[in-house]
Amino acid sequence: MNFAEIEKEINTLAKKANDGTISIDEMAGGSFTISNGGVYGSLLSTPIINPLRFHSTVKTSICFHSLLFSDLDKMVACLVTAGLVLIVLLWTSAILGMHSIVARPMVVGGNVVPRPMMYIALTYDHRLIDGREAVFFLRRIKDVVEDPRRLLLDV
0 MNFAEIEKEI NTLAKKANDG TISIDEMAGG SFTISNGGVY GSLLSTPIIN
50 PLRFHSTVKT SICFHSLLFS DLDKMVACLV TAGLVLIVLL WTSAILGMHS
100 IVARPMVVGG NVVPRPMMYI ALTYDHRLID GREAVFFLRR IKDVVEDPRR
150 LLLDV
C-alpha cells in the first residue's frame, strides 16, 4: 500500500467503527498500535500489550494491519498526517505510547529556553522484536516528528 491508500483505509475503517458496521475480519490482523494518551493530558506512561485480547478505542489510536518495521515510513506518515482515529485488535506485537506536547526547559546555545516536548514510549514483544531494532525505530520516529521533511525526502 502506498501512503494515500493507507490513509484512505484508515478513514474507511474509522467511519465503519463509528457507524457500528465494522466486521470482525476488518478488526483482525493488527500488529502495531499507536496509543495517544496525550489527548487526555498524559505526560508519560508505559503502554501495555494485551495479546489475544479484544480492545477497541475510538479516536485515540491507529491500527496498522500486518505492519513490518520496514514499513516504518508509511506508519510515521500516517501518524503525522492522518490524525488519531481507531484501533481494534486481536494481537499486538508492539505499542507506541504518545503523550502531551508541553513546554519544557531545554538548553539551547547555553541558555535555558522553553521548547515543545513530547515523550514517547515503545512496549514490544521481545520474542518478535529485537531491542536494537526497537531503539532504531524510536530514533526514526523522533527524527521524522522533529523534521517531517526527512520522511518526504526519505533521508
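Take numbering that gives the first Met the number 0: the last position of the sequence shown gets the number 154, and nothing is skipped along the way.
We put the CB at the ideal spot given by N, CA and C, even for glycine.
Inter-residue spacing [alpha-carbon to alpha-carbon] between residue i and residue j
i, j, result
"residue 101", "residue 120", "16 Å"
"residue 38", "residue 95", "14 Å"
"residue 64", "residue 12", "With a pLDDT of only 36 at residue 64, under 50, the local geometry of the prediction cannot be trusted, and the value read off the model is given with reservation. When rounded, the distance between both Cα atoms is 11 Å."
"residue 5", "residue 144", "19 Å"
"residue 54", "residue 42", "Note on residue 54: pLDDT 39, under 50, position unreliable in the model; no value is reported."
"residue 115", "residue 149", "19 Å"
"residue 126", "residue 107", "40 Å"
"residue 22", "residue 10", "15 Å"
"residue 103", "residue 137", "20 Å"
"residue 109", "residue 135", "29 Å"
"residue 131", "residue 152", "25 Å"
Cβ distance (whole Å) where residue i is taken to contact residue j below 8 Å
i, j, result
"residue 15", "residue 25", "7 Å"
"residue 33", "residue 97", "7 Å"
"residue 45", "residue 122", "6 Å"
Residue from the options whose Cα sits closest to the Cα of residue i
i, options, result
"residue 118", "107, 141 and 5", "141"
"residue 31", "133, 151 and 152", "133"
"residue 35", "3, 17 and 99", "99"
Contact check, residue i vs residue j, beta carbons under 8 Å
i, j, result
"residue 92", "residue 124", "yes"
Beta-carbon contacts of residue i that lie in its chain and below 8 Å, excluding the five residues immediately before and after
i, result
"residue 146", "none"
"residue 105", "111, 112, 113, 114 and 116"
Residues near residue i in its chain [Cβ-Cβ closer than 6 Å; skip 5 each side]
i, result
"residue 40", "99"
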